[in-house]
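Novice:
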Amino acid sequence: SAVISQKPSRDICQRGTSLTIQCQVDSQVTMMFWYRQQPGQSLTLIATANQGSEATYESGFVIDKFPISRPNLTFSTLTVSNMSPEDSSIYLCSVEFFTGTGQETQYFGPGTRLLVL
Amino acid sequence: KQEVTQIPAALSVPEGENLVLNCSFTDSAIYNLQWFRQDPGKGLTSLLLIQSSQREQTSGRLNASLDKSSGRSTLYIAASQPGDSATYLCAVKEYGNKLVFGAGTILRVKS
Numbered sequence: 001s002a003v004i005s006q007k008p009s010r011d012i013c014q015r016g017t018s019l020t021i022q023c024q025v026d027s028q029v030t031m032m033f034w035y036r037q038q039p040g041q042s043l044t045l046i047a048t049a050n051q052g053s054e055a056t057y058e059s060g061f062v063i064d065k066f067p068i069s070r071p072n073l074t075f076s077t078l079t080v081s082n083m084s085p086e087d088s089s090i091y092l093c094s095v096e097f098f099t100g101t102g103q104e105t106q107y108f109g110p111g112t113r114l115l116v117l
Numbered sequence: 118k119q120e121v122t123q124i125p126a127a128l129s130v131p132e133g134e135n136l137v138l139n140c141s142f143t144d145s146a147i148y149n150l151q152w153f154r155q156d157p158g159k160g161l162t163s164l165l166l167i168q169s170s171q172r173e174q175t176s177g178r179l180n181a182s183l184d185k186s187s188g189r190s191t192l193y194i195a196a197s198q199p200g201d202s203a204t205y206l207c208a209v210k211e212y213g214n215k216l217v218f219g220a221g222t223i224l225r226v227k228s
């Protein structure tokens with residue numbers, strides 16, 4: 001299994017500013033995933049971050065708005081740029097691990113609750 | 118485009134009841150299906166994972182089934198307890214590593 005931590009756990013920000021969210025994993029992983037969960041809605045994948053290459057963004061998400069860094073195999077950051085109230089969400093970091101039975105299971109961090117005023 | 122639907126959106130039951138949560142998906146070309154539990158401030162916890170070739174998985178009081186051809190999965194919780202109160206999320210993994218989530222079922226078990 002994996003232990004994932006995120007910083008900050010929550011923040012309140014003013015529109016127009018940017019926030020960088022950190023994700024730390026206790027084991028080396030190839031791929032890290034960033035998800036967004038808007039109020040009352042399901043999780044949506046923002047991008048997949050591979051170490052040593054550019055992140056792959058899903059439809060509707062762009063690098064200028066959500067730049068991602070992946071400097072090593074245990075750490076990643078997601079920046080929410082030029083924030084607006086519509087960016088108020090929970091942002092979650094996730095990784096995949098093989099369990100003892102050989103199954104790929106996805107593990108999630110505790111999330112970062114962002115409120116943009 | 119894959120869409121995942123969960124029914125009901127919310128459920129309130131007395132302690133001790135057996136209950137069923139439903140999940141449906143539109144594209145049967147999935148790699149696996151996973152049920153998660155989400156507690157406030159604690160992220161998501163994986164409960165059960167069913168590979169596309171499997172029909173069901175069991176863990177303690179939880180049993181999840183998968184009927185890929187009809188695009189359905191159910192999560193059965195036996196003898197529910199107040200500690201089971203949480204939001205339950207169904208997610209299908211498409212080939213290419215993408216997880217597509219349902220909106221979740223908010224479960225409240227009353228003591």
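So the protein sequences, as listed, match chains H and Z.
Numbering-wise, the working numbering puts 28 at position 28 of the first sequence, and it's gapless, one number per residue.
Converting from the second sequence to the working numbering requires adding 117 to each position, the first position being numbered 1.
We treat Cβ as the ideally placed atom computed from N, Cα and C, and that holds for glycine.
Source: prediction; values computed, not measured.
Count the other C-beta atoms from every protein chain shown that fall within 10 angstroms of the C-beta of Q28 (chain H), then say buried if there are 16 or more, exposed otherwise.
Specialist: To locate residue 28 (chain H), count along the first sequence from 1; it is residue 28. The residue is exposed, with fewer than 16 neighbouring Cβ atoms inside 10 Å.
Novice: At a CB-CB cut-off below 8 Å, which residues of chain H make contact with G188 (chain Z)?
Specialist: Counting from 1 along the second sequence, the entry for residue 188 (chain Z) is found at position 71. What G188 (chain Z) touches in chain H: nothing, since even the nearest Cβ is about 17 Å away.
Novice: Is DSSP giving E86 (chain H) helix, strand or coil here?
Specialist: For this step, residue 86 (chain H) is matched to residue 86 along the first sequence. DSSP places E86 (chain H) in helix when its eight states are reduced to three.
Novice: With DSSP as the reference, label P157 (chain Z) as helix, strand or coil.
Specialist: Here residue 157 (chain Z) corresponds to residue number 40 of the second sequence, with the count starting at 1. Coil.
Novice: Excluding sequence positions up to five away, which residues of its chain have a Cβ less than 6 Å from the Cβ of I124 (chain Z)?
Specialist: Numbered from its first residue, the second sequence carries residue 124 (chain Z) at position 7. Correct list, in chain order: N139.
Novice: I need the straight-line Cα distance from T59 (chain H) to W34 (chain H), nearest angstrom please.
Specialist: Along the first sequence, read from residue 1 onward, the residue named residue 59 (chain H) stands at position 59. Along the first sequence, read from residue 1 onward, the residue named residue 34 (chain H) stands at position 34. What sits at residue 59 (chain H) in the sequence shown is Ser, not Thr. Computed Cα separation, rounded: 14 Å.
Novice: Of the choices H:A49, H:R10, H:L43 and H:S53, whose alpha-carbon is the least far from that of V95 (chain H)?
Specialist: Here residue 95 (chain H) corresponds to residue number 95 of the first sequence, with the count starting at 1. Comparing Cα-Cα distances from V95 (chain H) to each of H:A49, H:R10, H:L43 and H:S53, the minimum goes to H:A49.
Novice: DSSP three-state label for D11 (chain H), please.
Specialist: What you label residue 11 (chain H) is simply residue 11 of the first sequence in a count that begins at 1. Strand at D11 (chain H).
Novice: Could you name each continuous beta strand (DSSP E) segment of 3 residues or more that falls completely within the stretch 183-215 of chain Z, going from the start of the chain to the end?
Specialist: List check, beta strand (DSSP E) in window: 189-194 and 203-211.
Novice: Spatial neighbours of L216 (chain Z) within its chain, please: CB distance less than 8 Å, with the 5 preceding and 5 following residues excluded, ordered by chain position.
Specialist: The residue given as residue 216 (chain Z) occupies position 99 in the second sequence. Q151, A208, V209 and K210, listed in sequence order.
Novice: Using a Cβ-Cβ distance under 7 Å, would P39 (chain H) count as near chain Z?
Specialist: The residue given as residue 39 (chain H) occupies position 39 in the first sequence. No - not a single Cβ of chain Z is within 7 Å of the one on P39 (chain H).
Novice: What is the DSSP secondary structure of Q103 (chain H), counted as helix, strand or coil?
Specialist: In the first sequence, residue 103 (chain H) corresponds to position 103, counting from 1. DSSP places Q103 (chain H) in coil when its eight states are reduced to three.
Novice: Measuring CB atoms only, is the stretch 8-16 of chain H touching the stretch 83-90 of chain H, in the sense that at least three cross pairs come out at less than 8 Å?
Specialist: Touching, per the Cβ criterion.
Novice: Within a Cβ cutoff of 8 Å, which residues of the same chain sit near Q174 (chain Z), ignoring the five residues on either side of it in sequence?
Specialist: For this step, residue 174 (chain Z) is matched to residue 57 along the second sequence. Around Q174 (chain Z): L165, L166, I167, N180 and A181.
Novice: Here's a check: name, in chain order, each residue in its chain whose Cβ is nearer than 6 Å to the Cβ of T20 (chain H), leaving out the five neighbours to either side.
Specialist: By 1-based counting over the first sequence, the position of residue 20 (chain H) is 20. These residues qualify, in order along the chain: T77 and T79.
Novice: Report yes or no: do the stretch 129-143 of chain Z and the stretch 66-74 of chain H share at least 3 C-beta pairs separated by less than 8 Å?
Specialist: Short answer: they don't touch.
Novice: Measure from the C-beta of G16 (chain H) to each C-beta in chain Z and report whether the shortest distance is under 7 Å.
Specialist: As a working note, residue 16 (chain H) is residue 16 in the first sequence. No, because no Cβ of chain Z sits closer than 7 Å to the Cβ of G16 (chain H).
Novice: What would DSSP say about N180 (chain Z), mapped onto helix, strand or coil?
Specialist: Taking the second sequence and counting its residues from 1, one reaches residue 180 (chain Z) at position 63. If DSSP states are grouped into helix, strand and coil, N180 (chain Z) belongs with the strands.
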